[in-house]
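The numbering of the sequence shown is this note's numbering, which starts it at 430 and goes up by one. Please read the structure below before turning to the comments.
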Amino acid sequence: MGELTPELLMRAYSMGVFPMSEHRDDPDIFWVDPIRRGIFPLDSFHISRSLARAIRREDHVATLSQDFEGVLDACADRSETWISAEIHRLYMALHAEGKAHSLEVWQDGALAGGVYGVVLGGAFFGESMMSRRTNGSKIALAYLITHLRRSGFTLFDTQFITDHLTSLGAIEIPRADYHKLLTWAIRQNADISAQSLPSASEVLAAS
430 MGELTPELLM RAYSMGVFPM SEHRDDPDIF WVDPIRRGIF PLDSFHISRS LARAIRREDH
490 VATLSQDFEG VLDACADRSE TWISAEIHRL YMALHAEGKA HSLEVWQDGA LAGGVYGVVL
550 GGAFFGESMM SRRTNGSKIA LAYLITHLRR SGFTLFDTQF ITDHLTSLGA IEIPRADYHK
610 LLTWAIRQNA DISAQSLPSA SEVLAAS
């Protein structure tokens with residue numbers, strides 16, 4: 430395989446395919462198109478009582494793409510990760526082009542949680558999330574999903590399903606159904622940066 434480019438990567442996303450590596454030091458990248466795909470229906474994110482309390486405390490600040498590399502690095506800072514040096518390079522390039530974004534949650538001036546992904550039309554392709562404090566990634570997801578819905582997005586792709594994501598409202602759908610949603614979503618004129626992030630009360634009201 431020749432060197433991957435941001436343009437090739439975006440074309441792959443438009444066809445429902447995404448890249449992964451086996452591990453941090455793997456020089457190779459392979460393409461994935463799961464038989465069953467994980468998505469977050471944007472109107473059914475589940476905020477538990479404990480998460481609602483954490484959001485209601487308002488001891489955090491949410492920002493959009495203020496520290497993309499910090500979120501990316503934190504997502505890769507695990508004993509097992511598919512975020513190789515090549516994948517890091519590609520997503521930093523997409524971010525520089527305005528095609529990859531992160532949502533950060535800060536507490537006491539430090540990065541507490543975050544999620545990053547790729548945008549294409551009205552689709553947000555979630556890549557990974559991180560948490561350095563209790564509920565950090567959950568709070569980030571709550572803000573992000575509310576923001577995406579208000580910004581005209583129709584698809585939040587989680588790629589795979591985990592028990593953690595399921596507890597927050599993510600579901601699994603067949604590949605064919607996913608491709609139908611994707612075809613519609615990428616034709617939409619959504620803009621993740623067009624408006625400010627929601628307030629804590631707006632996030633709670635939208636759940």
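Virtual Cβ for every residue (Gly too), placed ideally from N, Cα, C.
(message) the ligand ATP and ARG485: does the residue's C-beta get closer than 7 angstroms to at least one heavy atom of that ligand?
(response) Absence of the ligand ATP is noted for the structure shown, with no ligands found whatsoever.
(message) Which same chain residues end up closer than 8 angstroms to LEU626 when comparing Cβ atoms and leaving out the 5 residues on each side of it in sequence?
(response) Within its own chain, the residues whose Cβ lies closer than 8 angstroms to the Cβ of LEU626, once the five positions on either side in sequence are excluded, are ALA491, THR492, LEU493, LEU532, TYR572 and HIS576, listed in chain order.
(request) Let me know if ASN564 comes out buried or exposed under the rule of 16 or more other beta-carbons within 10 Å of its beta-carbon. (result) buried
(request) Would you identify the three-state DSSP class for TRP535, choosing helix, strand or coil? (result) strand
(request) Measure the C-alpha to C-alpha separation of PRO470 and VAL500 and round it to an integer number of angstroms. (result) 23 angstroms
(message) To the nearest angstrom, how far is the alpha carbon of ILE464 from that of ILE590?
(response) 12 angstroms
(message) Please give me, in chain order, every unbroken run of the beta strand (DSSP E) with length at least 3 that falls completely inside the stretch 462 to 498.
(response) 465 to 468 and 490 to 493
(request) Just the C-alpha distance for LYS567 and GLY555, rounded to the nearest angstrom, thanks. (result) 14 angstroms
(message) Within the continuous alpha helix (DSSP H) that includes GLY555, where are the two ends?
(response) For GLY555, there is no enclosing alpha helix (DSSP H); the residue is found in the beta strand (DSSP E) stretching over 552 to 560.
(request) Determine the extent of the alpha helix (DSSP H) in which ILE516 is found, giving its start and end residues. (result) Residues 514 to 525.
(message) Any contact between the stretch 521 to 539 and the stretch 474 to 483? By contact I mean 3 or more CB pairs, one from each, below 8 angstroms.
(response) no
(message) Just to confirm my understanding: we take LEU584, look at its own chain, exclude 5 residues before and 5 after, and list those with CB closer than 6 angstroms. What are they?
(response) ALA552, LEU610 and ALA614
(request) Write down the C-beta distance between GLY467 and HIS608 rounded to the nearest angstrom, noting that I regard them as a contact closer than 8 angstroms. (result) Contact doesn't hold; Cβ gap of about 14 angstroms is too wide.
(request) Out of ALA441, ASP472 and VAL547, point me to the one whose CA is closest to VAL632's CA. (result) ASP472
(request) Rank THR612, THR510, PRO448 and ALA619 by C-alpha distance to the C-alpha of ARG578 and give the top, closest one. (result) ALA619
(message) Considering just the uninterrupted stretch of the alpha helix (DSSP H) at ILE568, what are its terminal residues?
(response) Note, ILE568: alpha helix (DSSP H), 565 to 579.
(message) Within the continuous beta strand (DSSP E) that includes LEU626, where are the two ends?
(response) Per DSSP, LEU626 belongs to no beta strand (DSSP E) and is neither H nor E.
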